[in-house]
Amino acid sequence: MNKDAQMRAAINQKLIETGERERLKELLRAKLIECGWKDQLKAHCKDVIKEKGLEHVTVDDLVAEITPKGRALVPDSVKKELLQRIRTFLAQHASL
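Numbering (the numbering used here), first residue to last: 96 to 191.
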């Protein structure tokens, strides 16, 4: 495991141990619902199913189709807020 991967694993472990990972996930869920992301992605799923036909779409196909769009639809403000919270967390737990 390289140094970058080790650091990522250590940060993730600290986020889990402190409960911060769950808090960040809840914040992300709330922000995505608030900005309409969930509704946009749901509508995109329906479009993909209509286009390909229900009997021709697997869950894996649907996930592969909507993942890039889902990532692209996350507002920059949400990304920035999460990043800032992670930076604040890391500053408070500088022993990593």
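Think of the CB as a built atom: it goes at the ideal place given N, C-alpha and C, for glycine as much as any other residue.
What residue ranges within the stretch 147-178 form continuous alpha helix (DSSP H) runs of no fewer than 4 residues, ordered along the chain?
-> 154-168
Is the beta carbon of LEU127 sitting closer than 7 Å to the one on LYS120?
-> Position 32 of the sequence shown, counted from the start, is the residue given in the question as residue 127. Position 25 of the sequence shown, counted from the start, is the residue given in the question as residue 120. No, these two residues do not count as a Cβ contact at 7 Å.
Look up ALA104 in the DSSP assignment and say whether it is helix, strand or coil.
-> As a first step, residue 104 must be located in the sequence shown, where it is residue number 9. Helix.
I think LYS164 touches HIS139, with their Cβ atoms under 8 Å apart; what is that distance to the nearest whole Å?
-> Working through the sequence shown from its first residue, we reach residue 164 at position 69. Working through the sequence shown from its first residue, we reach residue 139 at position 44. LYS164 to HIS139, Cβ: 6 Å. Contact.
Could you check the C-alpha separation between LYS98 and ARG182 for me, to the nearest Å?
-> Counting from 1 along the sequence shown, the entry for residue 98 is found at position 3. Counting from 1 along the sequence shown, the entry for residue 182 is found at position 87. Spanning the two alpha carbons is a distance of roughly 19 Å.
Where does ALA186 fall in DSSP's three states?
-> Start at 1 with the first residue of the sequence shown, and residue 186 comes out as number 91. ALA186 falls in the helix class under three-state DSSP.
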